[in-house]
Amino acid sequence: MYINQRSQLVRNVALAAANGSITLIILLIAPLGLAAVIINTILITLSTFVTATASDRIIKYLQPDRESRTASFQPLDEDPETAHLNSRENHSTLRR
C-alpha cells in the first residue's frame, strides 16, 4: 500500500479529530471540571495524531522501496540473458 505524505497527514488529522470529538463527548457527560475535560481532549487528540504518524513511519520503513522495485524490473527484450527467448528470429529458426 502506497499513500503519499499529504494523504497521510489528512488521514491522521481526521483520525485525531474523530478521537478527540468522541473523547470530548464522553468527558462532557462525566462530572468533571471544564479544565480537565479540555486538557484530556487535547491530550488524546495529540496522542492519536502522534501514534498514527509513528505507525505510518514504521509501515513506510518496513515496506520495500518503490523505486528499487521498478528499477530492477527489466522486460525480456532488455535482459541480455533471456533476450534470445523472446526474439522472432529464434522462433523461426526453432521451427525449422
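Letter by letter, the sequence shown follows residues 3 to 98 in the working numbering.
From the three backbone atoms N, C-alpha and C, an ideal C-beta is built for every residue, glycine too.
Bear in mind that the values here come from a model prediction, so they are computed numbers and not experimental data.
Discussion item. Using the Cβ count rule (16 or more neighbours within 10 Å means buried), how would you classify Ala-54?
Written reply: buried
Worksheet item: Who are the near neighbours of Phe-51 in its chain, counting only those whose CB is closer than 6 Å to its CB and skipping five residues on each side?
Response: Asn-14 and Ala-18
Worksheet entry | Close beta carbons around Thr-43, own chain, < 8 Å, minus the five adjacent residues each side | Gly-22, Thr-25, Leu-26 and Leu-29
Worksheet item: Are the beta-carbon atoms of Asp-58 and Gln-10 separated by less than 8 Å?
Response: yes
Worksheet item: Taking the C-alpha atoms as reference points, what is the distance between Ala-38 and Ala-32?
Response: 11 Å
Practice prompt. Output the distance between the C-alpha atoms of Leu-34 and Leu-64, rounded to the nearest integer angstrom.
Written response: 42 Å
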